[in-house]
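FYI, my numbering numbers position 223 of the sequence shown as 232, with every residue one higher than the one before it.
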Amino acid sequence: MGGAMKQTFQLVLIKPTHYDDDGYPITWLRSHIPSNTLAALYGLADDCRRRAVLGPDVDITVRPIDETNTRVRVDRIVRDFRRSGGKGLICLVGVQSNQFPHAVDLARKFIEAGLPVAMGGFHAAGCLSMLPVVPPEIQAAMDMGVSIYAGEAEEGRFDEVILDAWNGTLKRLYNYMDDLPGIENAPTPHLPATALARNEGKKSSFDLGRGCPFQCSFCTIINVQGRKSRFRNADDLETIIRENHKQGITSFFITDDNMARNRHWEEFFDRIIELKENEGIQVSLLIQVDTQCHRIPRFIQKADWAGVYRVFIGLENINPDNLLAAKKRQNKITEYRKMLQAWHKVGISTWAGYILGFPGDTRESILRDMEIIKKELPLDILELFMLTPLPGSEDHQTFWKQGVWMDPDLNKYDLHHRVVHHPKMSDDEYYRTYLDCWRAYYTPEHIETVARRHGSVKGRNPAEPAQFMTMFKIMFEAEGIHPLEGGVLRLKYRRDRRYGLPIEPIGVFHWKLAIESWKKIRIYAKLAWQGWRIGQKVKHDPRRHEYMDLALSPVNDEDDKLALFAETAGGGAALAKVRNEDLARAKAAAAHNQRLEAAE
10 MGGAMKQTFQ LVLIKPTHYD DDGYPITWLR SHIPSNTLAA LYGLADDCRR
60 RAVLGPDVDI TVRPIDETNT RVRVDRIVRD FRRSGGKGLI CLVGVQSNQF
110 PHAVDLARKF IEAGLPVAMG GFHAAGCLSM LPVVPPEIQA AMDMGVSIYA
160 GEAEEGRFDE VILDAWNGTL KRLYNYMDDL PGIENAPTPH LPATALARNE
210 GKKSSFDLGR GCPFQCSFCT IINVQGRKSR FRNADDLETI IRENHKQGIT
260 SFFITDDNMA RNRHWEEFFD RIIELKENEG IQVSLLIQVD TQCHRIPRFI
310 QKADWAGVYR VFIGLENINP DNLLAAKKRQ NKITEYRKML QAWHKVGIST
360 WAGYILGFPG DTRESILRDM EIIKKELPLD ILELFMLTPL PGSEDHQTFW
410 KQGVWMDPDL NKYDLHHRVV HHPKMSDDEY YRTYLDCWRA YYTPEHIETV
460 ARRHGSVKGR NPAEPAQFMT MFKIMFEAEG IHPLEGGVLR LKYRRDRRYG
510 LPIEPIGVFH WKLAIESWKK IRIYAKLAWQ GWRIGQKVKH DPRRHEYMDL
560 ALSPVNDEDD KLALFAETAG GGAALAKVRN EDLARAKAAA AHNQRLEAAE
């Protein structure tokens, strides 16, 4: 009775979403893609709690909120703080450029209520690493009272922020961009079961490596996470899997920008295979790889054995001139068919990113390339993006130095909106071409083609790609957003509108919402029925295993007749270069054999 009562420090971790075109946060009842940043920060915060970094007399409570699947109720969070004594910190984590305006709007409300706020993520880190001055939007946030954090939070750095918040001495800027931490043996990224339950399929995510050695000019990874790779080890991986397995989580998105360049990839796959064979712990994995991964001995086979069911590939473009302009030299279009066929043969679904709007593009060339991809590459899902100078990329830095116009509304920097002028297309033509590419790839005919390619492999369900392609089409057609921002059942709240936009009268808002919902339901129903019929048609075709088309045909000397190489000067030159290299190697081998025979 005589002992001092424990105090409470509340740590609220919010991964913000961004606004739709009407100014409402994009939130779902269930989201598709779990946040790795939120899992990593929760793991670090939970470690701080266990180590009692604020002393034995202070309880640290940690609450993660992923706004893609949970409404942020500022009033309730403020009320909880005041009930527990008012000590704590609001952390807006993993804030990307398109999420920055909404994150600032949330921060404004918390600061007005007297709560301290810290904000980190790719926007702040990217700008501070690539620009010689602090951008005005970041300076304005700091002037408002937000503490900006740039960099990663391992190696005790999160401890410092929590201690400063406890002592009321938060700095306006924490800049660790020149000193990136190691992540081996770092606290395990994880989330509580209550948070994971809001992800569709109860997935989680984690990283096994950070950093990338390549130099793609449109990429922010290399300037935020560095070009020197840092890795976790196989024991870290096992711990992550075991902790999640206890909560019933066995499906994971490994967020490494390129798993194939993680030098421990084989150790990781072997450890997962051991857990499956020895203890029956079986996982499903989604990984990201480059276009040269098929050339690594055993990589695809072991990925299959380890439980990889889907790979995301940075295809980016099929025109070598565009790839060269973006410094994407590691992508060789002469390897695309071999690589995609290798994944197809083991039954792993391929999802590829594809960028539109390179300086040499025209409407005609872009739409032509869409048809080439559909006909000649055995690709499943194509994720289309507009070439965007994201803050933190070399492209953004170059435009900033040259004074090139870039849209000042950061909310549009989601790769789904035009934010720069194109040198060969008008603004309207450029955006219309982007929309038409979605429609061109996701036609009922092409959905059936992809389903038949799946159905040709024994043991695969052709209805699966039809379902996913239909889902992408629904998000694009009904919701008007990029499919990667999609989820299950959109939630929209009248008062959660962008700062500066009017709050609509309750009757007007709900009338508009009702009309909008009715239109969406009709699109959902029509496309879902269409996709289901396509999947069932192919699934029950008795001759589906006999299917063959140009994309599945073996790579051979007749490839120079493919439009992939014949339609562009860069494609023809790329194939000619490979042929010349093959011929030179053959000649060298023949000369070497002749010398051996002469010596004998």
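Think of the CB as a built atom: it goes at the ideal place given N, C-alpha and C, for glycine as much as any other residue. Predicted model only: the values in this text are computed from it and were never measured.
- Item | Length of the line joining the Cα atoms of G11 and R58 | Only weak support is given to the placement of G11: the predicted model assigns it a pLDDT of 44, under 50, and the question is left unresolved by the model.
- Under 7 angstroms Cβ to Cβ from I147, same chain only, skipping five residues before and after it: list those, please. Within the same chain, I147 has close Cβ partners A133, C136, I157.
- Message: Checking 8 angstroms against the spacing of the C-beta atoms, do V587 and K347 come in under that value?
- Response: Not in contact: V587 and K347 (Cβ atoms no closer than 8 angstroms).
- Please state if the CB of G579 and the CB of P329 are separated by a distance shorter than 8 angstroms. Yes, these two residues count as a Cβ contact at 8 angstroms.
- Task: Give the single residue among A61, L98, V87, L50 whose Cα lies nearest to the Cα of D75.
- Result: Minimum Cα distance to D75 is reached at L50.
- Item | Bridge partner(s) assigned by DSSP for I364 | BP columns for I364 point to F394.
- Assign W538 to buried or exposed, taking buried as 16 or more other Cβ atoms, counted over all protein chains shown, within 10 Å of its Cβ. Result: exposed.
- Query: For the 8 angstroms Cβ check, are there 3 or more pairs between the stretch 53 to 68 and the stretch 220 to 238?
  - Reply: Taking 8 angstroms as the limit for Cβ pairs, the verdict is that the stretch 220 to 238 does not touch the stretch 53 to 68.
- Task: Please determine, among V155, R319, Q310, the residue with the shortest C-alpha to C-alpha distance to K118.
- Result: Per the Cα distances, V155.
- Query: Which partner residues of F262 appear in the DSSP bridge assignment?
  - Reply: Within the DSSP secondary-structure output, F262 pairs in a beta bridge with S214, L295.
- Item | Candidates M434, F477, G464: closest to Y451 by CA position | Nearest C-alpha to Y451: F477.
- Task: Going by CA-CA distance only, name the one from K482, A122, T458 that's closest to P471.
- Result: Ranking K482, A122, T458 by CA distance to the CA of P471 puts T458 first.
- Task: Examine the Cβ distances between the stretch 435 to 452 and the stretch 387 to 399 and report whether three or more of them are shorter than 8 angstroms.
- Result: Yes, the stretch 435 to 452 touches the stretch 387 to 399.
- Item | C-alpha distance - I192 paired with S213, whole-angstrom precision | Straight through space, the alpha carbons of S213 and I192 are spaced by roughly 19 angstroms.
- Pick from R552, P417, L498 that is closest to F109, judged by C-alpha positions: For F109, the closest of R552, P417, L498 by C-alpha to C-alpha distance is P417.
- Message: Does the distance between the C-beta of I258 and the nearest non-hydrogen atom of the ligand FAD fall short of 7 angstroms?
- Response: The ligand content of the structure shown is nil, which means the ligand FAD is not present either.
- Message: Need the endpoints of the alpha helix (DSSP H) that C446 sits in, please.
- Response: If you look at C446, you'll find it in the alpha helix (DSSP H) that goes 436 to 450.
- With contact counted as at least three CB pairs below 8 angstroms, one residue from each stretch, are the stretch 74 to 92 and the stretch 495 to 505 in contact? With a cut-off of 8 angstroms, the stretch 495 to 505 and the stretch 74 to 92 count as touching, because enough Cβ pairs lie within range.
- Evaluate contact between the stretch 414 to 429 and the stretch 349 to 361, counting only Cβ atoms and requiring at least three cross-stretch pairs below 8 angstroms. With the cut-off at 8 angstroms, the stretch 414 to 429 and the stretch 349 to 361 do not touch.
- Message: Let me confirm a value: D378 is counted as buried when at least 16 other C-beta atoms fall within 10 Å, else exposed. Which label applies?
- Response: Burial state of D378 is buried, judged by a 10 Å Cβ sphere holding 16 or more other Cβ atoms.
- Which runs of the beta strand (DSSP E) fall wholly inside the stretch 51 to 130 and span at least 3 residues, in chain order? If you keep only unbroken beta strand (DSSP E) runs of at least 3 residues inside the stretch 51 to 130, you get 67 to 75, 97 to 101, 126 to 129.
- Message: Do N420 and Y33 have their beta-carbon atoms positioned less than 8 angstroms apart in this structure?
- Response: Their beta carbons are not under 8 angstroms apart, which means Y33 does not touch N420 by this criterion.
- Query: Is it the case that the Cβ atoms of H273 and F308 are separated by a distance below 8 angstroms?
  - Reply: By the CB criterion at 8 angstroms, H273 and F308 fall outside the cutoff.
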